[in-house]
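One structure below.
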Amino acid sequence: MAAVALRSCRRGLSQILSNGGLAALSSKRLEEPRRHKSSVQYASRPDLPKLAYRRVKGKSPGVVFLPGYGSNMNGQKAEALEEFCRSLGHSYLRFDYTGHGASGGVLSEGTIGTWKKDVLFVLDELAEGPQILVGSSIGGWLMLLAAIARPEKTAALVGISTAADHVVTAFNSLPLETRKEFEAKGEWTIPTKHMEEGVYKFNMDFLREAENHCVLQSPIPITCPVRLIHGLKDEDVPWHISMQVAERVLSSDVDVILRRHGQHRMSDKDDIKLMVYTIDDLIDKLTTMV
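Counting in the working numbering, the sequence shown runs from 1076 upward without gaps.
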């Protein structure tokens, strides 16, 4: 019965996406009153900035979306996932890291460790039961760290353009003289079209702290199902990082999906369709196992 319902959702989603819309996921939903998006809520934490989040309650396993660096919970992928989870009746949670979006804090003062704490807080205090973690870019790195720290709360992982260790390995691969120049300046700047300023800025303290959270030098103690989607035309994070993650996780259930024309954001309608299908299949697999 569950499989039939999921297949029906796939057909509805495919039809809507092919017409360029994300507001509904089946022909039946088109006849229903339009549902409002989840409202923004704020979680207070002792001695830490408040976190902004949107939550839809529903069945387990739930889905938690982890955005990329400098991004927020209102992107196309995050919103499409909310519509999808609503259609299935599964819980869904999206949020902004410290210094991002509507959350408190300052982006330039954040670290990988800061955002890892954010993810663990969300899993411990806001999410109920096992979750499928969907991490985009640096969110893919954070989902791995969270899965290692909270295996009991992690049902499966879906990485989109996973940037595990990337900021550290990219800096260390620069010529020695170039590195010394940035170290003397105290900041590494990288041109990007994804930020208003046109550059990513990482200070040396950020890079040194990030080294403490690298995962690719040894086997990664994650045993849940893992799906890694990456574009071959990703100019920000090389697709071979997803291959490295696949080689190092201990799970026996790992798939890597490479999109020939996929870019870093993976937000074209076909990219989003693939992401949702992948999560759809994982939900089907996890509920069948139970």
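Where a beta carbon is used, it is the ideal one built from N, C-alpha and C, also for glycine.
| task | For HIS1305, name the three-state secondary structure that DSSP assigns. | result | For this step, residue 1305 is matched to residue 230 along the sequence shown. HIS1305: strand per DSSP, three-state reduction.
| Using 8 Å as the Cβ pair cut-off and three pairs as the minimum, do the segment 1318 to 1328 and the segment 1293 to 1306 touch? | Short answer: they touch.
| query | So who's on the other strand from GLY1137, going by DSSP bridges? | reply | By 1-based counting over the sequence shown, the position of residue 1137 is 62. Residue pairing for GLY1137: DSSP places it in a beta bridge opposite GLN1206.
| request: Identify whether GLU1271 lies in helix, strand or coil by the three-state DSSP scheme. | output: As a working note, residue 1271 is residue 196 in the sequence shown. Of the three classes helix, strand and coil, the one that applies to GLU1271 here is coil, per DSSP.
| said: Quick check on DSSP: helix, strand or coil for THR1189? | reply: Taking the sequence shown and counting its residues from 1, the one referred to as residue 1189 is at position 114. Shown here, THR1189 sits in a helix according to DSSP, grouped into three states.
| field | Exposure label - ARG1335; buried when at least 16 CB within 10 Å | value | Taking the first residue of the sequence shown as position 1, residue 1335 is located at position 260. So ARG1335 ends up on the exposed side.
| query | Out of LYS1268, HIS1269, MET1270 and VAL1274, which has the shortest C-alpha to C-alpha gap to LYS1262? | reply | Along the sequence shown, one-based indexing puts residue 1262 at 187. At residue 1262 the sequence reads Glu, which differs from the Lys that was named. Minimum Cα distance to GLU1262 is reached at VAL1274.
| ARG1323 lies in the alpha helix (DSSP H); which residues open and close that run? | Residue numbering aside, residue 1323 sits at position 248 when the sequence shown is read from its first letter. Counting along the chain, the alpha helix (DSSP H) containing ARG1323 begins and ends at 1315 to 1323.
| Any heavy atom of the ligand GTP within a distance shorter than 7 Å of the CB on GLU1184? | Looking for the ligand GTP in the displayed structure turns up nothing, as the structure carries no ligands at all.
| query | Mapping DSSP to helix, strand and coil, what is TYR1352? | reply | If you number the sequence shown from 1, residue 1352 lands on position 277. Looking at TYR1352 - three-state DSSP - the assignment turns out to be helix.
| DSSP three-state assignment for ASN1278, whether helix, strand or coil | Counting from one through the sequence shown, the residue named residue 1278 turns up at place 203. Collapsing the DSSP output to three states places ASN1278 in a strand.
| How about VAL1197 and HIS1241: do their beta carbons lie closer than 8 Å? | Counting from one through the sequence shown, the residue named residue 1197 turns up at place 122. Counting from one through the sequence shown, the residue named residue 1241 turns up at place 166. No; because the gap between Cβ atoms is not below 8 Å, this pair is not in contact.
| Pairwise C-alpha distance: LYS1360 and ILE1347 | One-based indexing of the sequence shown puts residue 1347 at position 272. One-based indexing of the sequence shown puts residue 1360 at position 285. When only Cα atoms are considered, ILE1347 and LYS1360 end up about 20 Å apart.
| Cβ-Cβ distance between LYS1276 and THR1264 below 8 Å | What you label residue 1276 is simply residue 201 of the sequence shown in a count that begins at 1. What you label residue 1264 is simply residue 189 of the sequence shown in a count that begins at 1. Cβ atoms of LYS1276 and THR1264: closer than 8 Å.
| said: On a Cα-Cα basis, can you pick out the residue from GLY1174, ARG1225, ALA1221 and ASN1278 that is closest to PHE1246? | reply: Numbered from its first residue, the sequence shown carries residue 1246 at position 171. The shortest Cα separation from PHE1246 among GLY1174, ARG1225, ALA1221 and ASN1278 belongs to ASN1278.
| Going by alpha carbons, who is nearest to HIS1165 out of VAL1290, LEU1291, LEU1195 and GLN1206? | If you number the sequence shown from 1, residue 1165 lands on position 90. Sorting VAL1290, LEU1291, LEU1195 and GLN1206 by C-alpha distance to the C-alpha of HIS1165 places GLN1206 at the top.
| field | LYS1112 versus ASN1149 - alpha carbon distance | value | If you number the sequence shown from 1, residue 1112 lands on position 37. If you number the sequence shown from 1, residue 1149 lands on position 74. Their backbone Cα atoms lie some 10 Å apart in a straight line.
| request: Would you mind working out which of LEU1282, ALA1127, ARG1161 and HIS1339 sits nearest GLY1137, comparing C-alpha positions? | output: As a working note, residue 1137 is residue 62 in the sequence shown. In this structure, ARG1161 is the residue among LEU1282, ALA1127, ARG1161 and HIS1339 with its C-alpha nearest to the C-alpha of GLY1137.
| request: Could you tell me the distance, in whole angstroms, from the CA atom of ALA1238 to the CA atom of TRP1314? | output: Walking along the sequence shown from the start, residue 1238 turns up at place 163. Walking along the sequence shown from the start, residue 1314 turns up at place 239. Approximately 9 Å between the Cα atoms of the pair.
| task | Over the uninterrupted alpha helix (DSSP H) stretch that includes ILE1235, give me the two end residues. | result | Counting from 1 along the sequence shown, the entry for residue 1235 is found at position 160. For ILE1235, no alpha helix (DSSP H) encloses it; the enclosing beta strand (DSSP E) starts and ends at 1229 to 1235.
| field | Exposed unless 16 or more other CB atoms sit within 10 angstroms - verdict on VAL1181 | value | The residue given as residue 1181 occupies position 106 in the sequence shown. Label assigned to VAL1181: exposed.
| query | Is SER1212 helix, strand or coil by DSSP? | reply | Translated into the one-based positions of the sequence shown, residue 1212 becomes position 137. When secondary structure is reduced to three states using DSSP, SER1212 falls in the coil class, being assigned neither helix nor strand.
| Where VAL1197 sits in the DSSP three-state scheme | For this step, residue 1197 is matched to residue 122 along the sequence shown. Helix at VAL1197.
| Would you call THR1363 buried or exposed, if buried means 16 or more other Cβ atoms sit within 10 Å of its Cβ? | One-based indexing of the sequence shown puts residue 1363 at position 288. So THR1363 counts as exposed.
| query | Closest to HIS1339 by CA distance: which of LEU1325, LEU1141, GLU1203 and HIS1269 is it? | reply | For the purposes of this step, residue 1339 is identified with residue 264 of the sequence shown, where counting begins at 1. With distances taken between Cα atoms, HIS1339 lies closest to HIS1269.
| task | Would you kindly work out how many angstroms separate the C-alpha atoms of GLU1184 and SER1146, rounded to a whole number? | result | Indexing the sequence shown from 1 puts residue 1184 at position 109. Indexing the sequence shown from 1 puts residue 1146 at position 71. So the alpha carbons of these two residues sit roughly 15 Å apart.
| Start-to-end residues for the beta strand (DSSP E) that takes in VAL1329 | Residue mapping note: residue 1329 aligns to position 254 of the sequence shown, counting from 1. Counting along the chain, the beta strand (DSSP E) containing VAL1329 begins and ends at 1329 to 1334.
| Where LEU1291 sits in the DSSP three-state scheme | The sequence position of residue 1291 within the sequence shown is 216, counting from 1. It is coil, neither helix nor strand.
| Can you round the beta-carbon distance between ALA1153 and ARG1169 to whole angstroms, since I take them to be within the 8 Å contact cut? | Position 78 of the sequence shown holds residue 1153. Position 94 of the sequence shown holds residue 1169. Cβ-Cβ separation between ALA1153 and ARG1169: approximately 5 Å, consistent with a contact (criterion under 8 Å).
| Could you give the C-beta distance for LEU1357 and ALA1231, rounded to a whole number, given that I count them as a contact under 8 Å? | The count along the sequence shown starts at 1 and reaches residue 1357 at position 282. The count along the sequence shown starts at 1 and reaches residue 1231 at position 156. Contact flag correct, Cβ pair sits at about 5 Å.
| The alpha helix (DSSP H) with LEU1161 in it runs from where to where? | Your numbering for residue 1161 matches position 86 in the sequence shown. What sits at residue 1161 in the sequence shown is Arg, not Leu. Segment 1151 to 1163, the alpha helix (DSSP H) holding ARG1161.
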